[in-house]
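Residue numbers (the working numbering): 293 to 403.
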Amino acid sequence: MLGTWNTKLGAERTSLDLSYNKRCAAWFWIIISNVVVICFDEIDHVRNLPFATDDFFATIRSCYNERAQNPNLKRLTFCLVGTARPTDLMDDPQSTPFDIGQAIDLTGFTF
Numbered sequence: 293m294l295g296t297w298n299t300k301l302g303a304e305r306t307s308l309d310l311s312y313n314k315r316c317a318a319w320f321w322i323i324i325s326n327v328v329v330i331c332f333d334e335i336d337h338v339r340n341l342p343f344a345t346d347d348f349f350a351t352i353r354s355c356y357n358e359r360a361q362n363p364n365l366k367r368l369t370f371c372l373v374g375t376a377r378p379t380d381l382m383d384d385p386q387s388t389p390f391d392i393g394q395a396i397d398l399t400g401f402t403f
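This is the structure we're talking about:
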């Protein structure tokens with residue numbers, strides 16, 4: 293599989309200065325040709341992690357922003373599911389990257 297990846301990467305792989313993220317992204321979009329939805333359930337528990345998570349959420353926003361330059365990213369969607377408001381997930385609520393998101397209010401189930 294890596295041999296195929298190295299061959300398909302072609303001109304992009306002209307030097308060893310490609311960052312790890314760029315190499316992973318190039319590999320990912322070569323291997324996966326369909327729409328990709330990445331779901332994170334119970335996202336409200338991210339606040340309990342022992343490290344700052346703002347960079348994680350900023351990376352998700354970066355993927356959205358990069359769609360204009362990288363058409364592959366139009367095939368990528370993130371779904372964050374939980375009981376937190378977007379501002380609850382960030383250390384600095386003033387810099388939330390979620391102003392592009394859409395909240396879906398769920399009501400109780402009835403029969």
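Don't be surprised by glycine CBs; every beta carbon is placed ideally from N, CA and C.
All values reported here derive from a predicted model rather than from experimental measurement.
- Here Val327 has Arg367 as same chain residues with Cβ atoms under 6 Å from its own Cβ, once five neighbours each way along the sequence are excluded.
- Residues Val327, Val328, Val329 and Ile330 of the same chain have their beta carbon placed closer than 8 Å to that of Thr369, with the five preceding and five following residues left out of the count.
- Leu372 sits close to Phe332, with the two beta carbons spaced by under 7 Å.
- Here Ile396 is exposed. Its C-beta has fewer than 16 other C-beta atoms within 10 Å.
- In this chain, Ile330 is not harboured by any alpha helix (DSSP H); it is covered by the beta strand (DSSP E) spanning Val328 to Phe332.
- In the three-state reduction of the DSSP assignment, Phe403 falls in the coil class, being assigned neither a helical nor a strand state.
- Measuring C-alpha to C-alpha distances from Phe349 to each of Ile322, Pro378, Trp319 and Lys314 identifies Pro378 as the nearest.
- Counting only residues of its own chain and dropping the five nearest sequence neighbours on each side, Gly374 has a CB closer than 6 Å to the CB of Glu334, Ile335 and Asp336.
- With a minimum length of 4 residues, the unbroken runs of alpha helix (DSSP H) contained wholly in the segment 327 to 380 fall at 346 to 357.
- Here the C-alpha atom of Ser354 lies approximately 14 Å from the C-alpha atom of Thr345.
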